[in-house]
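Colleague: Take this structure, written in structure tokens, and hold onto it; I'll ask about it next.
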Amino acid sequence: MKAFDGAIRYFLSLFQLTILAYLPIVLMATALIVNVLYVFYKMRVKVSGAIIISLIFLFVINAFFNISSLKQIIWGLYILIPFLFGFTFTDSIINEFQQNKKIIFILALIAGIGVVTNYFISFPWQGFTYEIQGQSIEGSRQWSTHGISRLAGLGRTSFSSAVTICSLSLIVFTFKKCKLSCLLLWIISFIAIILTTTKGIIAVYTILTIILISRNWINVFFLRRLPVFVLLVMILLPFGSAYYFRNTFSPQLGENHLDSFFIRIISTWPQGVHAISENGNFLLGRGIGGLGIPAGKMNDIISAGPGDNMAVYVFGIGGILGLFLLLKLALKASKAAVTYWRSEYLFIYLSVLMLFLYGITTNIIESAILSVFLGLVTGKKIEIRNERYVCY
């Protein structure tokens with residue numbers, strides 16, 4: 026769905042069937058409900074599952090003290106469906122990645138070719154909107170930055186296309202063994218991601234490429250500490266900016282391609298951190314629905330901003346406790362780095378890096394495909410049985 030999101034929504038709109046664009050989220054929610062019923066029937070709850078359920082319950086209860094709207098909390102739970110789906114069915118999904126890597130390769134290739142083709146021609150779905158229950162919804166965004174068109178190809182937005190191509194390519198590079206096909210996909214994907222002008226994903230794709238190529242020669246000491254280092258950067262940048270830029274404002278910047286990053290430092294991050302700390306608490310944040318899209322849907326001006334940072338968003342949902350869970354995730358990736366590069370562990374390591382690196386400047390939890398990846402890396406167990414280190 027995400028690979029062809031813009032095109033699918035356009036053609037569905039021709040037959041007044043745009044409601045079907047939400048079928049994937051309905052299927053994920055249905056699978057979760059069936060799984061919960063099955064667990065209660067069998068009375069077999071995994072420890073990790075019990076912990077996640079308890080935390081969600083805690084964050085919902087906290088939300089009732091900080092948020093007046095029940096609909097806002099429900100929206101917050103709706104946003105978490107892809108994460109919960111990935112977490113619940115981790116092993117099954119990763120196994121499907123391994124079994125269907127050829128299909129994923131084709132999807133990634135077509136998505137990349139779609140963006141490259143969009144550089145030469147305009148697609149009919151660019152800029153179109155549709156209505157559901159009287160509300161206008163953006164089907165595919167047509168926009169530019171500093172006069173440079175941000176191409177979405179077959180996707181809905183330029184950044185969502187970049188995320189989809191990067192995510193699908195990561196799966197292929199992790200599980201597919203044919204070097205020639207991987208090289209072809211890398212070239213097309215890299216060109217496509219550049220054409221989307223999504224700077225965060227361009228940086229992520231470059232760093233992951235370097236690690237993939239040189240992982241057997243990089244010292245394991247560096248590999249193990251890299252996820253923790255990136256996590257610290259992701260936390261210190263927004264919280265440091267909130268301390269130094271107490272008075273928030275919208276800066277008047279010039280035609281600089283890093284303007285968006287400076288706006289985050291001076292305005293977006295301080296606003297997000299202060300909205301949480303002053304209208305919630307440091308230990309548990311504001312609760313589920315307390316930041317981003319759910320707040321925006323309910324006109325909660327206090328915290329309607331997305332935070333544009335994974336740590337800020339997690340802090341908004343779960344406070345310091347949420348940030349502690351991110352540290353546990355970083356340590357899991359570090360543990361995966363000391364094994365022989367088994368494909369599923371390599372996938373976990375690279376996925377955590379992708380999420381953390383892009384999470385420095387983006388709220389990845391409100392991106393469905395990245396939220397699924399977050400669930401996968403959270404739910405996957407790392408077991409080391411006398412396995413040798415990557416490097417000696």
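For reference, each letter of the sequence shown is one residue, going 26 to 417 in my numbering. Quick reminder that beta carbons are idealized off the backbone N, C-alpha and C, glycines included. Just so it is clear, the structure is predicted and the values come from calculations on it, not from any experiment.
Around the Cβ of Leu278, are there at least 16 other Cβ atoms within 10 angstroms (buried) or fewer (exposed)?
Modeller: Numbered from 1 along the sequence shown, position 253 holds the residue referred to as residue 278. Because the pLDDT of Leu278 is 48, which lies under 50, any placement of that residue in the model is unreliable, and the question is left without a value.
Colleague: With a 10 Å radius around its C-beta and 16 neighbouring C-beta atoms as the bar for buried, classify Arg249 as buried or exposed.
Modeller: As a working mapping, residue 249 is identified with position 224 in the sequence shown. Counting Cβ neighbours within 10 Å, Arg249 comes out buried, since at least 16 surround it.
Colleague: With DSSP run on the structure shown, which of helix, strand or coil describes Thr222?
Modeller: Mapped onto the sequence shown, residue 222 falls at position 197. In the structure shown, Thr222 sits in coil (DSSP, three-state: anything other than H, G, I, E or B).
Colleague: Which of helix, strand or coil does DSSP assign to Ser147?
Modeller: For the purposes of this step, residue 147 is identified with residue 122 of the sequence shown, where counting begins at 1. Three-state DSSP puts Ser147 in coil, outside helix and strand.
Colleague: Tell me the start and end of each unbroken beta strand (DSSP E) in the region 291-330 that is at least 3 residues and wholly inside, in chain order.
Modeller: none
Colleague: Enumerated in chain order, which unbroken segments of the beta strand (DSSP E) with a length of 3 residues or greater are wholly contained in the region 162-201?
Modeller: 168-170 and 173-175
Colleague: Glu156 lies in the beta strand (DSSP E); which residues open and close that run?
Modeller: As a first step, residue 156 must be located in the sequence shown, where it is residue number 131. Glu156 -> beta strand (DSSP E) spans Thr154 to Ile157.
Colleague: From Phe184 to Thr222, what does the alpha carbon distance come to, in whole angstroms?
Modeller: Here residue 184 is taken as the residue at index 159 of the sequence shown, counted from 1. Here residue 222 is taken as the residue at index 197 of the sequence shown, counted from 1. Their Cα atoms are separated by approximately 8 Å.
Colleague: Which residues mark the beginning and the end of the alpha helix (DSSP H) in which Ser79 is found?
Modeller: Here residue 79 refers to the residue found at position 54 of the sequence shown. For Ser79, the enclosing alpha helix (DSSP H) has its first and last residue at Val72 to Asn91.
Colleague: From the DSSP output, in three-state form, read off Gln41 for me.
Modeller: In the sequence shown, the residue the question calls residue 41 occupies position 16. If DSSP states are grouped into helix, strand and coil, Gln41 belongs with coil.
Colleague: Who pairs with Gln123 in a beta bridge, going by DSSP?
Modeller: Position 98 of the sequence shown holds residue 123. None; Gln123 has no bridge partner.
Colleague: Using 8 Å as the threshold, is the C-beta distance between Gly137 and Leu399 below it?
Modeller: Sequence index remark: in the sequence shown, residue 137 carries index 112 (1-based). Sequence index remark: in the sequence shown, residue 399 carries index 374 (1-based). Contact: no.
Colleague: Among residues of its own chain, excluding the 5 on either side of Leu346, which ones have a beta-carbon nearer than 7 Å to its beta-carbon?
Modeller: Position 321 of the sequence shown, counted from the first residue, corresponds to residue 346. Same-chain partners within the cutoff: Leu308 and Leu309.
Colleague: Contact defined as beta carbons within less than 8 Å: I believe Gly164 pairs with Gly321. What is the distance between those atoms, to the nearest angstrom?
Modeller: Here the question's residue 164 lines up with position 139 in the sequence shown. Here the question's residue 321 lines up with position 296 in the sequence shown. Actually they do not touch by this definition, with Cβ atoms about 19 Å apart.
Colleague: Whose C-beta lies closer than 6 Å to the C-beta of Gly101 among residues of the same chain, with five residues either side of it excluded?
Modeller: Numbered from 1 along the sequence shown, position 76 holds the residue referred to as residue 101. Answer for Gly101: Ile313, Gly314 and Pro319, listed in chain order.
Colleague: Using a Cβ-Cβ cut-off of 6 Å (strictly less than) and excluding sequence neighbours within five positions of Gly341, which residues of its own chain qualify?
Modeller: Here residue 341 refers to the residue found at position 316 of the sequence shown. The residues are Ile301, Gly310, Arg311, Gly315 and Leu316.
Colleague: Run through the DSSP bridge pairs and tell me what Gln160 is partnered with.
Modeller: The sequence position of residue 160 within the sequence shown is 135, counting from 1. By DSSP's assignment, Gln160 forms a beta bridge with Ile157.
Colleague: Please list, in chain order, all residues of the same chain as Pro107 whose beta carbon is under 6 Å from its beta carbon, the five residues on each side excluded.
Modeller: By one-based count along the sequence shown, residue 107 stands at place 82. Closer than 6 Å at the Cβ level, and outside the excluded window around Pro107, lie Ala393, Ser396 and Val397.
Colleague: Report all residues from its chain with a CB closer than 7 Å to the CB of Phe286; omit the five preceding and five following residues, and keep chain order.
Modeller: Here the question's residue 286 lines up with position 261 in the sequence shown. Exclusion of the five residues before and after Phe286 leaves Thr386 as the residues of its chain whose Cβ lies within less than 7 Å of its Cβ.
Colleague: Quick check: what's the CA-CA separation for Glu412 versus Gln123?
Modeller: Start at 1 with the first residue of the sequence shown, and residue 412 comes out as number 387. Start at 1 with the first residue of the sequence shown, and residue 123 comes out as number 98. Reliability fails at Glu412, whose pLDDT of 48 lies under 50, so the model's placement of it is uncertain and no value is given.
Colleague: Is it buried or exposed, Arg69, if we count other Cβ atoms within 10 angstroms and call 16 or more buried?
Modeller: Residue mapping note: residue 69 aligns to position 44 of the sequence shown, counting from 1. Flag for Arg69 reads exposed.
Colleague: Quick check on this structure: which residue in Ser174, Leu220 and Gln158 has the alpha carbon closest to the alpha carbon of Val188?
Modeller: By 1-based counting over the sequence shown, the position of residue 188 is 163. Val188 has its Cα closest to that of Leu220, out of Ser174, Leu220 and Gln158.
Colleague: Would a C-beta distance cut-off of 8 Å place Arg166 and Thr182 closer than the cut-off?
Modeller: Within the sequence shown, residue 166 is the residue found at index 141, counting from 1. Within the sequence shown, residue 182 is the residue found at index 157, counting from 1. In contact: Arg166 and Thr182 (Cβ atoms closer than 8 Å).
Colleague: Report, in whole angstroms, the separation of the C-beta atoms of Ser266 and Ile290, which I expect to be a contact under 8 Å.
Modeller: For the purposes of this step, residue 266 is taken as the residue at position 241 of the sequence shown. For the purposes of this step, residue 290 is taken as the residue at position 265 of the sequence shown. 5 Å between Cβ atoms; contact.
Colleague: Given this structure, state the Cα-to-Cα distance separating Thr403 from Leu354, to the nearest angstrom.
Modeller: Mapped onto the sequence shown, residue 403 falls at position 378. Mapped onto the sequence shown, residue 354 falls at position 329. Each residue's Cα considered, the two are about 7 Å apart.
Colleague: Give the straight-line distance between the Cα atoms of Gln41 and Met259, rounded to the nearest whole angstrom.
Modeller: Numbered from its first residue, the sequence shown carries residue 41 at position 16. Numbered from its first residue, the sequence shown carries residue 259 at position 234. The alpha-carbon atoms of Gln41 and Met259 are separated by roughly 42 Å.
Colleague: Going by the beta-carbon positions, is the gap between Pro263 and Phe381 smaller than 8 Å?
Modeller: Counting from 1 along the sequence shown, the entry for residue 263 is found at position 238. Counting from 1 along the sequence shown, the entry for residue 381 is found at position 356. No, they are not a contact pair.
Colleague: From the DSSP output, in three-state form, read off Glu408 for me.
Modeller: In the sequence shown, the residue the question calls residue 408 occupies position 383. Correct three-state label for Glu408: coil.
Colleague: Please classify Arg367 as buried or exposed, where buried requires at least 16 other C-beta atoms within 10 Å of its C-beta.
Modeller: Taking the first residue of the sequence shown as position 1, residue 367 is located at position 342. Arg367 is exposed by the Cβ-count criterion.
Colleague: Less than 8 Å between the C-beta atoms of Ile456 and Leu193, yes or no?
Modeller: Missing from the structure shown is residue 456; the chain here goes from 26 to 417 and no further.
Colleague: First and last residue of the alpha helix (DSSP H) that includes Met53?
Modeller: Counting from 1 along the sequence shown, the entry for residue 53 is found at position 28. Counting along the chain, the alpha helix (DSSP H) containing Met53 begins and ends at Leu48 to Lys67.
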